[in-house]
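Student: Starting off with a structure, shown below.
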Amino acid sequence: MLNELGKIFIASALINNFVFTRYLGLCIFFGVSKRMETAVGMSMTFTSVMVISAALSWLVYNLVMLPLGLGFLKIVIFIGIVAAFVQAADTILRKISPGLYYKLGIYLVLITTNCIILAVPVINADEKYNFMQALTMGLGSGAGFSLALIIMASIREKLELADVPKVFQGLPIAFVLTGLIALAFLGFSGLIRL
Amino acid sequence: MQIDLVRILTVSLAFIGIIGVIFGLGLAIAAAKFAVKVDPKVERVREVLPGANCGACGYAGCQGYAEAVAANPEVPPNLCAPGKAAVAEAIAQITGKTAAAVEPKVARIFCQGDSARSVKRFRYEGIKDCRAAVLAGGGDKACAYGCLGYGTCASVCPFGAITMNEYDLPVVDVEKCTGCRKCEIACPKKVIEVLPISKQVLVRCHSLDSGPVTRKNCQVGCIACGSCVKVCPFEAVSLNNNLARIDIEKCRRCGLCVMKCPTNAIMDYIPHRTKAYITDKCNGCTICAKVCPVNAASGVLKQKHVIDQERCIGCGICVDKCPKKAIIGTFNAETMDISEILEEAKKV
């Protein structure tokens, strides 16, 4: 039915959704899901950074680090790669497309050392994915994170109008919501048969 | 298994070193090649701005204003309402513009029809928010132009300057108010206007209903009788669409209209008016005696005049009209500048 890449995409976006199943990237998830506009901006930036950093780190890991026998250094190196790439993207965007820079610039800085961004190359390395699989993994994770952000933002915008008991106002009710959505996401686990 | 520790160490150190150099060089080249010249003024202006992002300047946040004021010579440095004069001066210094004295603006509530003095058409039992109440047939107030009193202005005020009094009418704390216009925008009845703080005599009514209708709905509404128009010595009041309106450019805050208004729709924000006093510069021209609306000034031609302190209402008309500038002590005197007006306003 689904080919290998499709399975990886579905798995990373829904079944192993970074926010709801792996519980990664929660700081950003709660931070920017207050408004739909910021949530969408963050999703776009996040997905593109994730795909590109997955590609870059795959290249460095498989072409340089593995032949040298330096696999154990992957976390340090991946952080460096992502940070350098984000910084470069920040500089280049500012010159080439100021409009895009003002839309996404603030998010770029936030995600430099984000755990999801780091998790994607690490998982790619552990699973020994090939290049296309690594890219798909990045794209799927981005799509999953975007989905999580947009679901949460739309609920929280409604939540502004709801009569929440005082003790639950703000973050507590957001955590409760996240738990409920995570439960719902468990339902995706039967989606693919290996 | 034999582990060649020295080899692993050297290779990994070399690898990290090389990759660090590559990243460093790459970033340095990118920074040099894609350098964007940022006007250092923008950064400095941004630092002196309060950072409230209230939008009172008309730009998208403090950053937007900082960029505009640094780049465009047409943009005046005194647009920041919360920052007041100090910020305007700092920006003027950074950008090399001249700062016109910035007069603070404050929100004024143009309705006095509180729950005790106005009539309601029906009982509204929905959400306690004016924007929700106005959806129910324009609100529960009989007067279609009046304040609904559900406190939307108080809740949107980022500075906590608006409170609701016991009769459901908003009260503006002029000391806290920065004139950011958030309440003016939020008010569905548009009863809030942001005006310069020195404009202290205002018709506090927006009702365009005819006199009898206004009277029936509210005890303190403008019934368009025209008394204020007749009494105003500066022709600042005009009557349009059943509503008296004071031209704040012409108004000299004499307060005669306040006294004449039969429904007390005109409000005098001046806490206590000081009395006029004639100095020795007086050459006895008798102009003050002619212009005084309460006959407090008197005297013989070519001799120093006196003002009856009992009668003087502190309107300042004589001060304004005196050709020798010999009258002091009340409004329109030359010594009275903005800082003094501010001091007065704070005493409210």
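Respectively, the protein sequence lines represent chains S and L. Counting along the first sequence from 1, when you hit position 190 you're at 190 in this note's numbering, and nothing is skipped either side. Counting along the second sequence from 1, when you hit position 80 you're at 80 in this note's numbering, and nothing is skipped either side. Glycine included, each C-beta is placed from N, C-alpha and C at the ideal position.
#1: What residue from S:V86, S:L110, S:L186 and S:P121 has the CA that sits closest to S:M42's CA?
#2: Look up L:V174 in the DSSP assignment and say whether it is helix, strand or coil.
#3: Report the partner residues of L:A107 according to the DSSP bridge assignment.
#4: Please check the pair L:C130 and L:V156, which I expect to be a contact at CB under 8 Å, by giving their CB distance rounded to whole angstroms.
#5: Please work out which residues of its chain come closer than 8 Å, Cβ to Cβ, to L:K384, disregarding the five sequence neighbours upstream and downstream, and give them in chain order.
#6: Check whether the segment 67-84 of chain S touches the segment 147-156 of chain S, counting contact only when three or more Cβ pairs, one atom from each stretch, lie closer than 8 Å.
#7: DSSP on L:A268, reduced to helix/strand/coil?
#8: Would you mind telling me which residues of chain L sit closer than 7 Å to S:L70, beta carbon to beta carbon, in chain order?
#9: Go ahead and pull the three-state DSSP assignment for S:T178.
#10: Mind listing the chain L neighbours of S:K95? Cutoff is C-beta to C-beta under 7 Å, in chain order.
#11: In chain order, which continuous runs of the beta strand (DSSP E) of length 3 or greater are located wholly inside the segment 21-107 of chain L?
#12: Using a cut-off of 8 Å between C-beta atoms, extract the partners of L:G26 located in chain S.
#13: Bridge partners of L:M164, per DSSP?
#14: For L:K120, write down the residues that DSSP places opposite it in a beta bridge.
#15: Using the three-state DSSP reduction, which class does L:Y277 fall into: helix, strand or coil?
#16: Could you tell me whether any Cβ in chain L is nearer than 8 Å to the Cβ of S:I77?
#17: S:L73 versus chain L: which residues are under 9 Å apart at the beta carbon?
#18: Taking Cβ-Cβ distances shorter than 9 Å, what residues in chain L pair up with S:I92?
#19: Does DSSP classify L:R245 as helix, strand or coil?
#20: Closest to L:S12 by CA distance: which of S:D90, S:G187, S:G71 and S:L149 is it?
#21: Consider the Cβ of S:G31: report whether some Cβ of chain L lies at a distance smaller than 8 Å.
#22: Would L:I19 pass as an interface residue toward chain A - the criterion being a Cβ-Cβ separation below 8 Å?
#23: Going by the CB atoms, is the gap between S:M137 and S:A84 shorter than 8 Å?
#24: Measure the CB-CB distance between L:Y269 and L:I327 and report whether it falls below 8 Å.
#25: Pull up the CB-CB distance for L:V412 and L:V106, whole angstroms please, since I reckon it's below 8 Å.
#26: Would you please verify whether the beta carbon of S:G80 is less than 8 Å from any beta carbon of chain L?
#27: Quick one, which residues of the segment 107-141 of chain L are near chain S if we go by CB-CB under 9 Å, in chain order?
#28: Should L:A66 and L:V45 be called a contact, given that it needs their Cβ atoms to be closer than 8 Å?
#29: When you compare the CB of S:K7 with every CB in chain L, is at least one pair closer than 8 Å?
#30: Comparing C-alpha positions only, which one of L:C251, L:K321 and L:R273 sits nearest to L:C285?
#31: Rounded to a whole number of angstroms, what is the C-alpha to C-alpha distance between L:A14 and S:L93?
#32: Going by DSSP in three states, L:V115 sits in which element: helix, strand or coil?
#33: Could you have a look at S:A84 and say whether DSSP puts it in helix, strand or coil?
#34: Could you please give the first and the last residue of the uninterrupted alpha helix (DSSP H) stretch that includes L:T238?
#35: Please classify S:G99 as buried or exposed, where buried requires at least 16 other C-beta atoms within 10 Å of its C-beta.
Tutor: From the atom records:
#1: S:L110
#2: coil
#3: DSSP output for L:A107 lists L:V194 as bridge partner(s).
#4: That pair is no contact at about 10 Å.
#5: Residue 384 of chain L lies beyond the range of chain L shown here (1 to 348); nothing can be said about it.
#6: no
#7: In the sequence under discussion, the amino acid at residue 268 of chain L is Asp, which differs from the Ala named in the question. Here L:D268 sits in strand by DSSP.
#8: V11, S12 and F15
#9: It is helical.
#10: F34 and V36
#11: none
#12: Under the 8 Å cutoff, chain S gives A84 and A88.
#13: L:P170
#14: L:K141
#15: strand
#16: yes
#17: Per Cβ cutoff of 9 Å: S12, F15 and I16.
#18: Think of a sphere of 9 Å around the beta carbon of S:I92: the chain L residues whose beta carbon falls inside it are A30, K33 and F34, in chain order.
#19: In this structure, L:R245 counts as strand in the three-state DSSP scheme.
#20: S:G71
#21: no
#22: Among the chains of the structure shown, chain A does not appear; the protein chains present are S and L.
#23: No, Cβ-Cβ distance for S:A84 and S:M137 is not below 8 Å.
#24: no
#25: Residue 412 of chain L falls outside the range modelled here, since chain L spans only 1 to 348, and no answer is possible.
#26: yes
#27: Within the segment 107-141 of chain L, no residue places its CB atom closer than 9 Å to a CB of chain S.
#28: yes
#29: no
#30: L:K321
#31: 31 Å
#32: Correcting the residue identity first, residue 115 of chain L is Ser in this sequence and not Val. In the structure shown, L:S115 sits in coil (DSSP, three-state: anything other than H, G, I, E or B).
#33: helix
#34: As written in the sequence, residue 238 of chain L is Ser, which differs from the Thr given in the question. From DSSP, L:S238 is part of no alpha helix (DSSP H) but of the beta strand (DSSP E) over V237 to N240.
#35: Result: exposed.
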